[in-house]
Amino acid sequence: MQRAFKVLSFLLVTKNTSSLLSRYSSTMHSNIITKEFGRQFKVQVLPALSDNFMYLLIDKTTGEAAIVDPVAPNTVWEAVKRENVKLTTILTTHHHWDHAGGNKELIDGNVGDPLTVIGGDDRIDGLTKMIDTSGTDLKIGLLDVKCLRTPCHTTGHVCYYVSTDEGSVVFTGDTLFVGGCGRFFEGNAQQMYEALIEILSKLPENTAVFCGHEYSIQNLKFGLHVEPTNEDLLSLLKTVEVKRQAKEPCVPSTIGMEKLVNPFMRVGIASVQNATKTPGNSIETMRILRELKNDFKG
Ligand code: GBP
Ligand code: ZN
Numbered sequence: 000m001q002r003a004f005k006v007l008s009f010l011l012v013t014k015n016t017s018s019l020l021s022r023y024s025s026t027m028h029s030n031i032i033t034k035e036f037g038r039q040f041k042v043q044v045l046p047a048l049s050d051n052f053m054y055l056l057i058d059k060t061t062g063e064a065a066i067v068d069p070v071a072p073n074t075v076w077e078a079v080k081r082e083n084v085k086l087t088t089i090l091t092t093h094h095h096w097d098h099a100g101g102n103k104e105l106i107d108g109n110v111g112d113p114l115t116v117i118g119g120d121d122r123i124d125g126l127t128k129m130i131d132t133s134g135t136d137l138k139i140g141l142l143d144v145k146c147l148r149t150p151c152h153t154t155g156h157v158c159y160y161v162s163t164d165e166g167s168v169v170f171t172g173d174t175l176f177v178g179g180c181g182r183f184f185e186g187n188a189q190q191m192y193e194a195l196i197e198i199l200s201k202l203p204e205n206t207a208v209f210c211g212h213e214y215s216i217q218n219l220k221f222g223l224h225v226e227p228t229n230e231d232l233l234s235l236l237k238t239v240e241v242k243r244q245a246k247e248p249c250v251p252s253t254i255g256m257e258k259l260v261n262p263f264m265r266v267g268i269a270s271v272q273n274a275t276k277t278p279g280n281s282i283e284t285m286r287i288l289r290e291l292k293n294d295f296k297g
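Numbering of the sequence shown is given in numbering that gives the first Met the number 0, commencing with residue 0 and proceeding in unit increments.
(1) Compute the distance between the beta-carbons of T132 and V169, then report whether it is under 8 Å.
(2) For I89, which beta-bridge partners are listed by DSSP?
(3) Could you check how far apart the C-beta atoms of L86 and I117 are, in whole angstroms? I think they sit under 8 Å.
(4) Go ahead and pull the three-state DSSP assignment for A245.
(5) Assuming contact is defined by CB atoms lying nearer than 8 Å, are T61 and T88 in contact in what I supplied?
(6) Is G166 near the ligand PLP, with its Cβ less than 7 Å from a heavy atom?
(7) Does DSSP put D58 in a helix, in a strand, or in coil?
(8) In the DSSP assignment, find the unbroken alpha helix (DSSP H) run with A188 in it and report its ends.
(9) I'd like to know whether the C-beta atoms of G172 and G211 end up nearer to each other than 8 Å.
(10) Within 10 Å of its beta-carbon, does N218 have 16 or more other beta-carbons around it, so buried, or fewer, so exposed?
(11) Nearest to R182 by CA position, among I287, V70, T74, G37, is which residue?
(12) Which partner residues of L129 appear in the DSSP bridge assignment?
(13) Looking at the structure shown, is Q39 part of a helix, part of a strand, or coil, going by DSSP?
(14) With L258 as the anchor, note down where its alpha helix (DSSP H) starts and where it stops.
(15) Is G181 near the ligand ZN - that is, is its Cβ less than 7 Å away from at least one heavy atom of it?
(16) In whole angstroms, give me the CA-to-CA distance for D231 and L259.
(17) Report the rounded CA-to-CA distance for Q39 versus F52, giving the unit in angstroms.
(18) In three-state terms, what does DSSP make of A47?
(19) Using a Cβ-based criterion (distance less than 7 Å to any ligand heavy atom), does D173 qualify as near the ligand ZN?
(20) Would you grab the beta carbon distance between G255 and E204 for me? Rounded to a whole angstrom, and I think it's under 8 Å.
(21) DSSP has G172 in a bridge; who is on the other side?
(22) Does the pairing of the region 137 to 153 with the region 185 to 205 give three or more beta-carbon distances under 8 Å?
(23) Beta carbon of F184: closer than 7 Å to some heavy atom of the ligand GBP?
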């Protein structure tokens, strides 16, 4: 009888991933969610630290997986076990400790074949393949991953773009956030313009955007400070507030949505240039926007 109760309660608890992890939920900033992209691949969103995201990218055909920015190795191994996948690769967006700081522990705790560690900066622990040319192609199982160098937040920042005929996704680290962008720690407005406008904006509109931090509410509030009558922004902020109440992550966004709501993706648009008093100069718009965001108290 006691055994039957245990089995029953196990079945109830394993109904979905987030209830399985409910015992941790008070310490997690967001629930774990999985986004399916047809029969080809899926992305599991794994929260870490106070507002970071790690992502488990799974090729459904081969069961091979990569992990983006595995700062919390225990959470990664739990997901790898639960999903029954073979982890082969670490995709590191940049060297900051809250993204690359788990690489060493993950490599040390790995019992399978050695992990390939991808990144664009020699400050990344365990790096085995340096991405020094933008557009370098990798394979995770049957999936094509394109490495896009986007220096500015850090000089070695890389975004990872996965494209299939059943959907595309981009892991943007601290370059592009939902409604915002990363601070210019090691670069300038010209470089962030190149990253956001010349590289990321040119990806297909329906590309799902998986970023490095859950900053959506504060970013969208800043967006509304810049463009108070932007209807897309007003409605997205409402949606996002409901999601955050329920601890739902606000990723993925899409490239198409970011072009409608993210002031840093809109530096070429008159309303944003007027708000920053930089008509006709998108790079100056980018520079001023970043300064305003740095000082914005919400
Ligand atoms: C907040 O929580 O309010 N806006 C944030 C402030 C990325 S983390 C925290 C912050 O500055 N976050 C960074 C950022 O780029 N934010 C965009 C923004 O504020 O609009 N980090 O952890 C940051 O990159 C880090 C680690 C920084 C090591 C420097 C080193 Br060295
Ligand atoms: Zn960073």
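We put the beta carbon where it would ideally sit given N, CA and C, even for glycine.
By the coordinates alone:
(1) Start at 1 with the first residue of the sequence shown, and residue 132 comes out as number 133. Start at 1 with the first residue of the sequence shown, and residue 169 comes out as number 170. Not in contact: T132 and V169 (Cβ atoms no closer than 8 Å).
(2) Translated into the one-based positions of the sequence shown, residue 89 becomes position 90. I89 is bridged by DSSP to I66, V116.
(3) One-based indexing of the sequence shown puts residue 86 at position 87. One-based indexing of the sequence shown puts residue 117 at position 118. In fact, because the Cβ distance is near 13 Å, the residues do not count as touching under 8 Å.
(4) Working through the sequence shown from its first residue, we reach residue 245 at position 246. Looking at A245 - three-state DSSP - the assignment turns out to be coil, as it is neither helix nor strand.
(5) The count along the sequence shown starts at 1 and reaches residue 61 at position 62. The count along the sequence shown starts at 1 and reaches residue 88 at position 89. No.
(6) In the structure on display, the ligand PLP does not appear, and the ligands it does have are the ligand GBP and the ligand ZN.
(7) Position 59 of the sequence shown, counted from the first residue, corresponds to residue 58. DSSP places D58 in strand when its eight states are reduced to three.
(8) As a working mapping, residue 188 is identified with position 189 in the sequence shown. Element bounds for A188: 188 to 192.
(9) Residue 172 sits at position 173 when you count from the first residue of the sequence shown. Residue 211 sits at position 212 when you count from the first residue of the sequence shown. Going by C-beta atoms, G172 is nearer than 8 Å to G211.
(10) Numbered from 1 along the sequence shown, position 219 holds the residue referred to as residue 218. With 16 or more other Cβ atoms within 10 Å, it is buried.
(11) Along the sequence shown, one-based indexing puts residue 182 at 183. For the residues I287, V70, T74, G37, the minimum Cα distance to R182 belongs to I287.
(12) Sequence index remark: in the sequence shown, residue 129 carries index 130 (1-based). For the sequence presented, residue 129 should be read as Met rather than Leu. Note: M129 sits in a beta bridge opposite G118.
(13) If you number the sequence shown from 1, residue 39 lands on position 40. In the structure shown, Q39 sits in coil (DSSP, three-state: anything other than H, G, I, E or B).
(14) Taking the first residue of the sequence shown as position 1, residue 258 is located at position 259. Correcting the residue identity first, residue 258 is Lys in this sequence and not Leu. Counting along the chain, the unbroken alpha helix (DSSP H) around K258 starts and ends at 254 to 260.
(15) Against the sequence shown, residue 181 aligns to sequence position 182. Yes, Cβ of G181 sits closer than 7 Å to a heavy atom of the ligand ZN.
(16) Within the sequence shown, residue 231 is the residue found at index 232, counting from 1. Within the sequence shown, residue 259 is the residue found at index 260, counting from 1. Rounded to whole angstroms, D231 and L259 show a C-alpha spacing of 7 Å.
(17) The residue you call residue 39 lines up with position 40 of the sequence shown. The residue you call residue 52 lines up with position 53 of the sequence shown. Using only the alpha carbons, I get a separation of about 22 Å.
(18) Taking the first residue of the sequence shown as position 1, residue 47 is located at position 48. Of the three classes helix, strand and coil, the one that applies to A47 here is strand, per DSSP.
(19) Position 174 of the sequence shown, counted from the first residue, corresponds to residue 173. It does: the Cβ of D173 is within 7 Å (strictly closer) of some heavy atom of the ligand ZN.
(20) As a first step, residue 255 is located in the sequence shown; it is residue number 256 there, counting from the start. As a first step, residue 204 is located in the sequence shown; it is residue number 205 there, counting from the start. In this structure G255 touches E204 by the C-beta definition: roughly 3 Å separates them, less than 8 Å.
(21) Sequence index remark: in the sequence shown, residue 172 carries index 173 (1-based). BP columns for G172 point to C210.
(22) yes
(23) Along the sequence shown, one-based indexing puts residue 184 at 185. Yes, the Cβ of F184 comes within 7 Å of a heavy atom of the ligand GBP.
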